[in-house]
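For reference, the structure is listed below as structure tokens.
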Amino acid sequence: MKPLIGISSGSAPRLDAGALAGLVLSSGGTAVDVREGKGHAWEAGGLDALRTAGAEVCFVGVSTVLGAAEHPPASVDGLRMPERGLPVKVFAAAGCTAPDRFALTLAQIAALAARVGDASLVLVETHHGYAPVAELDELCRRAGTSVLLDTMGLSRIDGDPVAAAARLARWIPYAQVKGFDWDEPATSRHRPLAAARPELTRKVLDAAGELRAVTVESKAPSLTEDIALLREWYPPDPRLPQAVSEEIPS
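FYI, the numbering for the sequence shown is 0 to 249, going by numbering that gives the first Met the number 0.
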């Protein structure tokens, strides 16, 4: 199965749910991932409005940081958008698996899993300033969580993002991509995918293995072109021919 292709609400934060879904569909995609609590316009209509407009929602991101005392398990009750069966994306603090913090981390994951249905639906993003690759691997192994691969974030926390993606591959169901300077990821601005050594993005995605969805999360003014490139990499599966009814009309 080819992954769904789409756009993150972070790429178009001013678009309401209907307009965001319309942008995705008109660009050749089918899916969105969304962020709660950042003032993105989609929140006014919510998940139902996105789905009614024809977009498939991959996951919803929240501000929870695993292993951080300022995000106690009870704070999960205040989240608006997580729902059963829909993955929720969070962050993980460096040191979240340390002996003095792991109990908190597990309690946070349990609270999130109670909302979405299972710890495997808790996606931890590869992000600068948070847990390194080795700790993300340990967290998933010990707590049953999964990983959201952000290509720029991964390149900022590991000097060999292809090897890092391969190490985390068994935990990665979703990826976010953007164009950036692979030589200077810590300071790079977002760029069109095609203008930013796309072969490296493709290598990282290939190393991550089978994905359920790849979304563009970028400030570069190239969303349609970025979606088109992803469609080249992951062309839709051909539709099966409809079975011809053998019934005789009455």
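In this text, a Cβ means the ideal position worked out from N, Cα and C, and glycines have one as well.
To the nearest angstrom, how far is it from the Cα of residue i to the Cα of residue j?
{"i": "E246", "j": "P237", "result": "Confidence is the limiting factor: at E246 the pLDDT is only 43, short of 50, which leaves the residue's position unreliable, though a coordinate-based value still follows. The straight-line gap from Cα to Cα measures roughly 26 Å."}
{"i": "G128", "j": "A91", "result": "9 Å"}
{"i": "E198", "j": "W181", "result": "11 Å"}
{"i": "P234", "j": "K1", "result": "7 Å"}
{"i": "D157", "j": "P131", "result": "7 Å"}
{"i": "S154", "j": "A212", "result": "20 Å"}
{"i": "A168", "j": "D159", "result": "14 Å"}
{"i": "G60", "j": "E183", "result": "26 Å"}
{"i": "P86", "j": "V115", "result": "7 Å"}
{"i": "E82", "j": "A16", "result": "17 Å"}
Over the uninterrupted beta strand (DSSP E) stretch that includes residue i, give me the two end residues.
{"i": "I171", "result": "Note, I171: premise wrong, no beta strand (DSSP E); not H, not E."}
{"i": "G60", "result": "E55 to L65"}
{"i": "V75", "result": "Here V75 belongs to no beta strand (DSSP E), and DSSP marks it neither H nor E."}
{"i": "A91", "result": "V87 to A91"}
Tell me which residue opens and which closes the alpha helix (DSSP H) that residue i is part of.
{"i": "R211", "result": "That residue, R211, is in no alpha helix (DSSP H); it is neither H nor E in DSSP."}
{"i": "L122", "result": "Per DSSP, L122 belongs to no alpha helix (DSSP H); it is in the beta strand (DSSP E), V121 to E124."}
{"i": "A110", "result": "F101 to V115"}
{"i": "P160", "result": "P160 to L167"}
{"i": "G21", "result": "A16 to S25"}
What are the residues that DSSP puts in a beta bridge with residue i?
{"i": "D32", "result": "S7"}
{"i": "D149", "result": "Q175"}
{"i": "R190", "result": "G178"}
Quick check: the segment 187–203 against the segment 217–233, are there 3 or more CB pairs under 8 Å? yes
How do the segment 50–58 and the segment 12–31 stand: do at least 3 beta-carbon pairs fall below 8 Å, yes or no? yes
For the structure I just gave you, are there three or more beta carbon pairs, one from the segment 170–186 and one from the segment 141–161, closer than 8 Å? yes
Contact between the segment 72–90 and the segment 99–118: three or more CB pairs below 8 Å? yes
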